[in-house]
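There are 2 protein chains.
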Amino acid sequence: MNFNEVLDDCKVYEAGKPIELLVREYGIAPKDIIKLASNENPYGTSPKVKKKIKELVSNMYIYPDDSMYELKEALANRFNVQNENIIMGAGSDQILDFCVKAKCTKNSKILMSKTTFAMYEIYGKQAGATILKTKDDEHNLEQFLSMYKEHGADIIFLCLPNNPLGECLNKDDVYTFLDEINKNTLVVIDGAYQEYASFKDKKKEIIASDLINKYNNCIYLGTFSKAYALGGMRIGYGIAQKNIIQALFKLRPPFNITTLSLIASIEALKDKEFVEECISKNFEEMKRYEEYAKEKSFEYIPSYTNFISIKLGKLFTSNDIANALLKRGIIVRNLAAYGLNTIRITIGSKEQNTKVFKILDEVLEKLK
Amino acid sequence: MNFNEVLDDCKVYEAGKPIELLVREYGIAPKDIIKLASNENPYGTSPKVKKKIKELVSNMYIYPDDSMYELKEALANRFNVQNENIIMGAGSDQILDFCVKAKCTKNSKILMSKTTFAMYEIYGKQAGATILKTKDDEHNLEQFLSMYKEHGADIIFLCLPNNPLGECLNKDDVYTFLDEINKNTLVVIDGAYQEYASFKDKKKEIIASDLINKYNNCIYLGTFSKAYALGGMRIGYGIAQKNIIQALFKLRPPFNITTLSLIASIEALKDKEFVEECISKNFEEMKRYEEYAKEKSFEYIPSYTNFISIKLGKLFTSNDIANALLKRGIIVRNLAAYGLNTIRITIGSKEQNTKVFKILDEVLEKLK
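Here you go:
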């Protein structure tokens with residue numbers, strides 16, 4: 307059977323290895339596995355959210371309110387925008403897909419940083435668009451601008467802060483860049499880790515309402531997967547001017563988040579203290595990784611997220627280290643697929659990190 | 307801002323009205339609302355599944371095993387196929403989308419029955435494909451075949467049984483039709499309600515393994531939303547030859563079903579008795595609707611599903627009746643949007659149906 311020719315060039319996203327895989331393939335007990343590969347919130351979901359889900363578990367048989375009225379109202383309040391400025395997605399991933407499909411055809415161009423969230427390119431290729439990448443791995447706005455001036459772009463993706471590297475542009479620099487962009491280019495500000503960045507450094511903070519009021523060609527994306535500790539529930543949102551939301555809405559499949567996801571996200575938004583506490587602990591624990599890296603003479607990228615990317619230099623390879631850790635029950639992300647000799651580790655809980663350092667010591671000693 | 311021109315012709319799916327809407331707009335208490343508009347299983351989710359979700363609610367923060375190994379193994383066993391013959395979707399809806407995007411571009415053609423599941427056309431238009439529809443509302447294979455011979459098609463959708471009308475073709479007739487179809491045409495057999503049809507009449511039963519072994523251009527779609535009572539959890543599956551699955555897989559976003567959906571579906575597959583009991587009760591209750599329709603001299607379409615479509619004839623309009631019911635807390639589906647003076651009612655539980663008949667009596671009396 308023949309398929310759409312764009313599929314020839316499409317690649318599949320490689321997810322962080324799941325705990326179930328280590329149980330199956332290495333016979334490690336689930337309790338002995340530490341998964342620090344997908345930037346989940348290591349403190350688990352807010353107890354208040356878990357309680358609510360238990361109370362309303364009987365709702366599983368019924369479709370969610372497809373207008374998502376209550377959730378949108380809560381988000382509109384939180385972000386100081388209107389209900390009509392919001393679209394929900396099965397993770398902010400799905401809104402990336404809407405953006406690409408709404409703007410791109412085979413002749414379109416998409417501009418992004420060399421090393422950034424893999425789904426930008428995957429969705430771009432599904433639409434048959436040409437992918438343009440800057441030379442530097444980390445976001446470099448000069449390179450973005452010169453490539454934009456040379457080639458133009460239908461969409462620009464800015465990942466602020468950037469996954470999988472962790473760096474984050476300053477808001478003022480982003481705005482200066484946006485001043486140069488044509489109003490027919492959709493600029494996607496992927497704020498999946500913004501809660502972390504704005505906690506660490508106010509200069510990084512992108513305020514969605516301010517952004518879309520100044521730049522009507524921008525969409526801000528947020529997620530419940532990271533700071534809100536609902537990675538498994540697939541809930542993300544986009545905030546933009548109404549005309550953009552309406553266009554994307556035409557591509558939104560009905561019931562695109564589950565009934566329990568809807569309940570969980572509404573409840574999670576109420577528990578601000580929980581989120582703040584998780585973020586605070588995240589940066590406390592991140593210091594330990596920074597110290598560990600220094601102690602071992604590894605470079606790392608200062609991170610505005612809940613993960614840290616450690617460059618392994620010339621003595622070790624990320625393949626060796628990631629595999630050795632895997633066999634010992636610790637799952638990290640090997641960035642070799644991005645052409646980098648780097649591992650990305652989600653900042654775990656205190657106990658998890660202590661164990662990671664201990665096992666990493668053993669692994670480094672063995673591989674020396 | 308300009309968008310992809312295919313969006314100009316795209317329509318948004320109109321979901322059944324949610325309970326929350328009646329609470330908001332008519333001030334009716336949730337306990338007084340009966341929703342029979344989206345063909346949910348009125349008996350609710352299996353108690354075993356609810357128990358499992360409560361036990362594992364803490365998993366919400368973690369992404370699901372994206373290989374969906376355990377669920378695919380369970381489905382492979384159930385359907386007597388291999389893991390590699392299965393793709394999972396956020397509802398079988400999402401697999402419809404994969405099928406369209408994998409096969410269609412702007413020059414493609416999609417053939418379907420005049421009145422059938424709305425998402426076939428919606429996804430088709432998103433891809434810019436031309437939609438071809440038979441003349442009859444209900445599936446008519448002679449019309450399908452003559453249109454296919456005249457126009458060809460990249461995809462044919464057969465909804466067996468058909469939503470929103472309820473009729474179902476015989477398997478033998480479907481196979482005779484498939485014999486005439488070119489191997490480069492993808493035929494989608496949407497079996498969302500197959501559990502109901504095969505229970506009522508074995509002649510309707512499509513066995514997925516038999517289908518894909520005989521016809522390597524066919525994909526069978528199933529769902530956990532109806533008989534398995536997990537409509538809110540968005541879980542569907544496609545079964546086809548490996549080359550088709552691999553093509554669709556390139557379009558599957560990672561983590562496309564939630565962590566709790568994965569747990570729920572694995573557990574739901576184990577509780578066969580629950581499903582059979584629900585289906586049995588469904589057809590017991592359906593008899594009451596048939597009798598009610600006869601008593602009021604309404605025609606109805608004999609249904610192989612968990613809903614019944616009642617034609618309102620010349621004395622009443624579906625708009626009037628659906629609205630009058632809505633104000634009294636009963637949500638049914640008005641098929642006026644399909645150009646039919648018909649209402650589709652999900653077969654509820656015994657108590658629900660008794661109340662529906664009572665209120666319908668009042669409404670008919672008032673509108674007479």
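Same order as they appear, the protein sequences are chains A and B.
Our numbering puts the first sequence at residues 307 to 674.
Our numbering puts the second sequence at residues 307 to 674.
Note that the Cβ used here is the ideal one computed from N, Cα and C, for glycine as well.
Residue 418 (chain B) has a beta carbon lying at 8 Å or more from every beta carbon in chain A. Runs of the alpha helix (DSSP H) lying entirely within the segment 599-641 of chain B, each at least 4 residues long, are 624-633 in chain order. Going by C-alpha positions, residue 477 (chain B) is about 9 Å away from residue 466 (chain B). By the Cβ-count criterion, residue 603 (chain A) is exposed, with fewer than 16 other Cβ atoms from all chains shown falling within 10 Å of its own Cβ. When C-beta atoms of the segment 345-363 of chain B are compared with those of the segment 665-674 of chain B, fewer than three pairs fall below 8 Å, so the two segments do not count as touching. Taking C-beta separations shorter than 7 Å and ignoring five residues to either side along the sequence, the partners of residue 408 (chain B) in its chain run 553, 554, 557, following chain order. In the three-state reduction of the DSSP assignment, residue 471 (chain A) falls in the coil class. Annotation: Cβ neighbours of residue 403 (chain B) in chain A (cutoff 9 Å, chain order): 559. Fully contained in the segment 488-516 of chain A are the following alpha helix (DSSP H) runs of length 4 or more, in chain order: 500-506. Looking at the DSSP output, residue 418 (chain A) sits in a beta bridge with A:439. Interface annotation, residue 470 (chain A): not in contact with chain B, CB-CB separation never under 8 Å.
Close to chain A, meaning a Cβ-Cβ distance shorter than 8 Å, are the following residues of the segment 356-379 of chain B: 356, 359, 360, 363, 364, 365, 366, 367, 368, 369, 370, 371, 372, 373, 375, 376.
A residue is called buried once 16 or more other Cβ atoms fall within 10 Å of its Cβ, and residue 508 (chain B), having fewer, is exposed. Rounded to the nearest whole angstrom, the C-alpha separation of residue 524 (chain B) and residue 546 (chain B) is 6 Å.
If you check the CB distance, residue 563 (chain A) and residue 540 (chain A) come in under 8 Å. Nearest in C-alpha terms to residue 501 (chain A), of all of A:669, A:644, A:384, is A:384. Around the Cβ of residue 403 (chain A), a 10 Å sphere holds 16 or more other Cβ atoms; the residue is buried. Contact annotation: in the segment 480-502 of chain B, residues whose CB is within less than 7 Å of a CB in chain A are 489, 490, 492. DSSP places residue 660 (chain B) outside any beta strand (DSSP E); the residue lies instead in the alpha helix (DSSP H), whose first and last residues are 656-673. Taking C-beta separations shorter than 8 Å and ignoring five residues to either side along the sequence, the partners of residue 334 (chain A) in its chain run 328, 635, following chain order. Within the segment 424-437 of chain B, those residues whose Cβ lies closer than 7 Å to any Cβ of chain A are, in chain order, 432.
Inclusion of residue 664 (chain B) and residue 589 (chain B) in the CB contact set at 8 Å is not warranted, their separation being larger than that value.
In the DSSP assignment, residue 375 (chain A) falls within the alpha helix (DSSP H) that extends over 375-385.
For residue 539 (chain A), the nearest beta carbon of chain B is closer than 8 Å to its own beta carbon. Residue 389 (chain A) sits away from residue 380 (chain A), with the two beta carbons spaced by 8 Å or more.
Think of a sphere of 9 Å around the beta carbon of residue 550 (chain B): the chain A residues whose beta carbon falls inside it are 307, 309, in chain order. With contacts defined by Cβ atoms closer than 8 Å, residue 438 (chain A) and residue 417 (chain A) form a contacting pair. In this structure, residue 323 (chain A) sits near residue 637 (chain A), with a CB-CB distance shorter than 8 Å. Residue pairing for residue 395 (chain A): DSSP places it in a beta bridge opposite A:542.
When DSSP states are grouped into helix, strand and coil, residue 341 (chain A) belongs to the strand group.
Checking the DSSP bridge columns, you'll see residue 465 (chain B) partnered with B:496. Contact of residue 344 (chain A) with chain B by beta-carbon distance below 7 Å involves 369. Interface with chain B (8 Å Cβ-Cβ cutoff): residue 527 (chain A) is excluded.
Relative to the Cα of residue 473 (chain B), the nearest Cα in the group B:445, B:454, B:346 belongs to B:445.
Contact annotation: residue 534 (chain A) and residue 498 (chain A) have beta-carbon atoms that are not nearer than 8 Å.
With a cutoff of 8 Å on beta-carbon distance, residue 570 (chain A) and residue 387 (chain A) are scored as not near each other.
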